[in-house]
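Single-structure report; data block below.
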Amino acid sequence: GSPYEDFALMAALSKIITAVDIMRDEVRGLVKVMIQFNSDKEASKLQETFGGFLSLIDTSIPSIWMDDSEEGEESVVLGPHATANTIAQAVQRGQNLTTKEKLDPIIKNAPSLHKDIKWKLSMLEGAKS
27 GSPYEDFALM
37 AALSKIITAV
47 DIMRDEVRGL
57 VKVMIQFNSD
67 KEASKLQETF
77 GGFLSLIDTS
87 IPSIWMDDSE
97 EGEESVVLGP
107 HATANTIAQA
117 VQRGQNLTTK
127 EKLDPIIKNA
137 PSLHKDIKWK
147 LSMLEGAKS
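Here my numbering is used: the first residue of the sequence shown is 27, the next is one more, and so on.
Dropping the structure here:
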């Protein structure tokens with residue numbers, strides 16, 4: 027219910043995404059151990075599910091953290107340089123009124139997934155149950 031609730035959610039999502047990205051090595055190690063204990067089907071399912079989760083995160087990031095360039099085209103910035111006339115004209119055109127606040131870098135910058143890390147076991151790639 028607070029006016030900054032969306033920023034708190036973005037900060038929480040950023041922490042979750044970073045934690046999940048770090049878990050790749052742990053999942054790879056767990057999958058290896060599962061194979062050693064003859065749990066190939068479960069290992070394959072874990073690898074497939076975790077890979078799907080990483081894909082979901084990767085495709086969701088652009089809709090959560092939008093570029094500043096996209097934001098600025100249809101919005102008028104409020105602040106000390108805005109005049110009553112420019113604000114009134116923007117409202118008549120239906121443009122959004124925004125303020126350029128200093129945001130925490132965690133909120134302003136989207137977390138990135140390390141796509142170059144090889145964590146999947148190739149022997150399980152074709153063994154989907």
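We treat Cβ as the ideally placed atom computed from N, Cα and C, and that holds for glycine. The structure displayed is predicted, hence computed values, not measured ones.
Looking at the unbroken alpha helix (DSSP H) that takes in Lys41, where does it start and where does it end?
Its alpha helix (DSSP H) spans residues Glu31 to Ile48.
Where Phe76 falls, given that 16 or more other Cβ within 10 Å makes a residue buried:
buried
Selected residue, minimal CA-CA separation from Asn135, among Pro29, Thr109, Phe33 and Gly27:
Phe33
Take every Cβ of the segment 30-45, pair it with every Cβ of the segment 137-147, and state whether three or more of those distances are shorter than 8 Å.
yes
Ordered along the chain, which non-local residues of its own chain (more than five positions away) have a Cβ less than 7 Å from that of Ile143?
Excluding positions up to five away in sequence, the list reads Arg50.
Considering only the alpha carbon of each residue, which of Asp84, Arg54 and Arg119 lies closest to Ser148?
Arg54
Going by beta carbon distance, what residues of the same chain come within less than 6 Å of Trp91, once the five residues before and after it are set aside?
Ala136
Counting C-beta neighbours from all protein chains within 10 Å, is the total for Ser70 16 or more, i.e. buried, or is it exposed?
buried
Taking the alpha carbon of Ile48 as the reference point, which residue from Glu151, Leu150 and Lys141 has its own alpha carbon closest?
Lys141
Local Cβ density within 10 Å of Gln73, reported as buried at 16 or more and exposed below that
buried
Is the Cβ of Arg119 closer than 9 Å to any Cβ of chain D?
Of the protein chains in this structure there is only one, and it is not chain D.
Spatial distance of Ser65 from Glu31 (CA atoms):
43 Å
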